[in-house]
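> Quick one: this structure, given as structure tokens, is what I'll be asking you about.
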Amino acid sequence: MTRLAFIGGGNMARSLIGGLLKTGAAASSIRVAEPQAQARDALGREFGVVTFAENRLAAEGAEVLLLAVKPQVMPALQAELRDVLQRQRPLLVSIAAGVRLDQLERWFGALPIVRCMPNTPALIGAGATGLCANARVSPPQKAQAQHILDAVGLTRWIDDEAQMDTVTALSGSGPAYFFALVEALEDAAVAQGMPRDTARALAAQTCLGAGRMLAESGEAAGELRRRVTSPNGTTQAALESFAADGLARVAARALAAATRRGAELAAELDAKESRP
734 MTRLAFIGGG NMARSLIGGL LKTGAAASSI RVAEPQAQAR DALGREFGVV TFAENRLAAE
794 GAEVLLLAVK PQVMPALQAE LRDVLQRQRP LLVSIAAGVR LDQLERWFGA LPIVRCMPNT
854 PALIGAGATG LCANARVSPP QKAQAQHILD AVGLTRWIDD EAQMDTVTAL SGSGPAYFFA
914 LVEALEDAAV AQGMPRDTAR ALAAQTCLGA GRMLAESGEA AGELRRRVTS PNGTTQAALE
974 SFAADGLARV AARALAAATR RGAELAAELD AKESRP
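So, in structure tokens, the structure goes:
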């Protein structure tokens, strides 16, 4: 088993560790750096992994180093980790939203680097993750990175890094769009007199069932929509209302706004570094 070190022991790291252990990874091969003592102790008790308060100690001997910290923390890590990473030259995997490959290379040096964008359903093993790699990543290293993220759901490689901001907007932020839609449907049903617990249960199960149909059938969403829409029926009435209110335009504008914001986050890190 590859020696793997996590820098950061938050929710996403926990989900990845749990997924890897379920696939047969040895707990002894996983090291985690987590500054908060309570969280660090919990990781050790729950998963049996080796934990450290200091990032450098966790990174020593790692073949794959996974950065599971907030984007704004990244620049500060270079002083602590750059030397050990240059000496060991592990595969560096980042799950920080909006942090580009060239920024990671600037902070940590010319290493094989994979940039990933998982989403929160990874916490229950149902994630969707986009990955892209720099030119130094070998095919076996790509397979290593994919194996790690496959442990918590579906993965797809992105050839053009510029599309990673779209990945962030689509699947990274996407669960929040879904929750907002379900929340609106629930409120609308309550406004028509349905008890909230019933409205919530029906809305959630309906979306779960529809999602499974879409994922498991292999059919396009448009085709499934057409099949469930009877001429002049209730579904058609609702869809015509959506169209009249510009649902497609609303979704396109929202995705564009999230994509722009992803690019802005990386630019803000650049600007922060350039300040005296």
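Going by the numbering used here, the sequence shown opens with residue 734, and the numbers climb by one from there.
Just so it is clear, CB atoms sit at the ideal spot from N, CA and C, and this is done for glycine as well.
Compare the C-alpha of Arg-820 against each of Met-850, Ile-846, Met-745 and Ala-792 and name the closest.
Mapped onto the sequence shown, residue 820 falls at position 87. The residue with the shortest Cα to Cα distance from Arg-820 is Ala-792.
> Counting Cβ pairs, one atom from each stretch, are 3 or more of them under 8 Å apart for the segment 754-763 and the segment 778-786?
Yes: the two stretches touch, three or more of their Cβ pairs being nearer than 8 Å.
> Any idea what DSSP makes of Ile-846, helix, strand or coil?
Residue numbering aside, residue 846 sits at position 113 when the sequence shown is read from its first letter. If DSSP states are grouped into helix, strand and coil, Ile-846 belongs with the strands.
> Okay, do the segment 821-841 and the segment 790-805 touch, 3+ Cβ pairs below 8 Å being the bar?
Because the criterion of three Cβ pairs below 8 Å is met, the segment 821-841 and the segment 790-805 touch.
> I'd like the span of the beta strand (DSSP E) that includes Leu-824, first residue to last.
Position 91 of the sequence shown holds residue 824. Run containing Leu-824: 824-827, per the beta strand (DSSP E) assignment.
> Specify the secondary structure class of Val-915 as computed by DSSP and reduced to three states.
To locate residue 915, count along the sequence shown from 1; it is residue 182. Val-915 falls in the helix class under three-state DSSP.
> Taking the Cβ atom as the reference point for each residue, do Arg-869 and Ala-843 lie within a distance shorter than 8 Å?
Position 136 of the sequence shown, counted from the first residue, corresponds to residue 869. Position 110 of the sequence shown, counted from the first residue, corresponds to residue 843. It is a contact, given that the beta carbons lie within the stated cut-off.
> Would you check if the distance between the CB atom of Gly-863 and the CB atom of Met-897 is smaller than 8 Å?
Within the sequence shown, numbered from 1, the residue matching residue 863 stands at position 130. Within the sequence shown, numbered from 1, the residue matching residue 897 stands at position 164. Contact flag set, yes.
> Where does Gly-942 land, buried or exposed, given buried means 16+ other C-beta within 10 angstroms?
Taking the sequence shown and counting its residues from 1, one reaches residue 942 at position 209. Looking at its Cβ environment, which holds fewer than 16 other Cβ atoms inside 10 Å, Gly-942 is exposed.
> Could you have a look at Ala-976 and say whether DSSP puts it in helix, strand or coil?
Your numbering for residue 976 matches position 243 in the sequence shown. Note: Ala-976 maps to helix in three-state DSSP.
> Return helix, strand or coil for Val-806, following the three-state DSSP convention.
In the sequence shown, the residue the question calls residue 806 occupies position 73. In this structure, Val-806 counts as helix in the three-state DSSP scheme.
> With DSSP collapsed to three states, give me the class of Ala-861.
In the sequence shown, the residue the question calls residue 861 occupies position 128. It is a strand residue.
> Under 6 Å Cβ to Cβ from Leu-753, same chain only, skipping five residues before and after it: list those, please.
Position 20 of the sequence shown holds residue 753. Cβ within range, chain order: Ala-884.
> Taking 8 Å as the cut-off, decide whether the C-beta atoms of Ala-876 and Val-847 are in contact.
By 1-based counting over the sequence shown, the position of residue 876 is 143. By 1-based counting over the sequence shown, the position of residue 847 is 114. No. Outside cutoff.
> Shortest alpha-carbon distance to Ala-738 belongs to which of Lys-755, Glu-767 and Asn-744?
Here residue 738 is taken as the residue at index 5 of the sequence shown, counted from 1. Here the closest residue by C-alpha is Glu-767.
> Expressed to the nearest angstrom, what Euclidean distance is found between the alpha-carbon atoms of Val-900 and Ala-996?
Here residue 900 refers to the residue found at position 167 of the sequence shown. Here residue 996 refers to the residue found at position 263 of the sequence shown. Each residue's Cα considered, the two are about 12 Å apart.
> Just reading off the beta strand (DSSP E) that Arg-736 is part of, what are its end residues?
One-based indexing of the sequence shown puts residue 736 at position 3. Premise fails: Arg-736 is in no beta strand (DSSP E) and is neither H nor E.
> Could you check what DSSP says for Val-885 in three-state terms: helix, strand or coil?
Locating residue 885 in the sequence shown gives position 152, where the first residue counts as 1. Three-state DSSP puts Val-885 in coil, outside helix and strand.
> Counting only the same chain and skipping the five closest in sequence on each side, list residues whose C-beta sits under 7 Å from that of Leu-882.
Translated into positions along the sequence shown, residue 882 becomes position 149. Answer for Leu-882: Cys-849, Pro-851, Thr-862, Leu-864 and Thr-888, listed in chain order.
> Assuming Ala-859 contacts Gly-886 under a Cβ cut-off of 8 Å, what Cβ separation, rounded to an integer in Å, is found between them?
Numbered from 1 along the sequence shown, position 126 holds the residue referred to as residue 859. Numbered from 1 along the sequence shown, position 153 holds the residue referred to as residue 886. Correct: roughly 5 Å between the Cβ atoms.
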